[in-house]
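Chains as they are written, first to last, in the numbering used here: chain A, 1 to 115; chain B, 116 to 229.
Here it is in structure tokens:
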């Protein structure tokens, strides 16, 4: 069974540009999460999808961040326009519905550097 | 609101020595607790989890953790460190029950020396 995959693995962009991160969850996992780790700080929750619906988006920092999960499969996280403080590692995680849904499986992350 | 405190951002042990990584949590209800490990250039891997069953939880690679409600702690231990244990370890908490966000500690980087 394939794990959670994320693309790209690294991205270097200039301030003001747009970047789109993609996450493919484990097949059959209805729950999809985005997290971010800014250098030297803790991993912080951004939002949670259940299928295509946003269950909890309380961690989204501002309206420059837009997450989508059309069709309830893969998800994208767009940052537009990017700012210096958006640099960090963006993790995606997924979990299956029902029993054991508390266990989240993480992808390798996308390392974003905004110059 | 829930929170996690990991004491010690860096811990160094000798190969073969006991590993003890500390985690204390704050939660209004007994939470679910997790330890994840991140090896260099990899994603987060679940080591073990506590979901209100046995208080002593055994995980992968010889790690275990004990949930102590009276101390609000969930410390991670391994009797004998191996060089391959060098990584960053994260303690996390979530509300009990269904799928919900994880709240992480700041992480502890474990160094294993010869």
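Built from N, CA and C at the ideal position, the CB exists for glycine as well.
Practice problem: Determine which residues of the region 131 to 164 of chain B have a Cβ less than 7 Å from any Cβ of chain A, and write them out in chain order. | Solution: So the close ones are 147, 157, 158, 159, 161, 164.
Quiz prompt | Reference residue 120/B, options 43/A, 66/A, 79/A, closest by Cα | solution = 43/A
Quiz prompt | Identity of the residue in 123/B, 117/B, 127/B nearest residue 228/B by Cα | solution = 127/B
Self-check item: Residues of the region 188 to 205 of chain B with Cβ closer than 9 Å to any Cβ of chain A, in chain order
Solution: 205
Quiz item: Apart from the five residues on each side of it in sequence, which residues of its chain come closer than 6 Å, Cβ to Cβ, to residue 195/B?
Solution: 131
Quiz item: Around the Cβ of residue 158/B, are there at least 16 other Cβ atoms within 10 angstroms (buried) or fewer (exposed)?
Solution: buried
Practice problem: Can you tell me the Cβ-Cβ gap for residue 88/B and residue 172/B, rounded? I've got them flagged as a contact below 8 Å. | Solution: Residue coverage of chain B in this structure runs from 116 to 229, which leaves residue 88/B outside it and unanswerable.
Practice problem: Could you tell me whether the region 56 to 72 of chain A touches the region 94 to 105 of chain A, where touching means 3 or more Cβ pairs closer than 8 Å? | Solution: no
Practice problem: Helix, strand or coil for residue 84/A, going by three-state DSSP, please let me know. | Solution: In this structure, residue 84/A counts as helix in the three-state DSSP scheme.
Quiz prompt | Straight-line Cα distance separating residue 112/A from residue 118/B | solution = 26 Å
Quiz item: Between residue 8/A and residue 94/A, is the Cβ-Cβ spacing less than 8 Å?
Solution: no
Practice problem: Give the DSSP-derived three-state secondary structure of residue 221/B in the structure shown. | Solution: Residue 221/B falls in the coil class under three-state DSSP.
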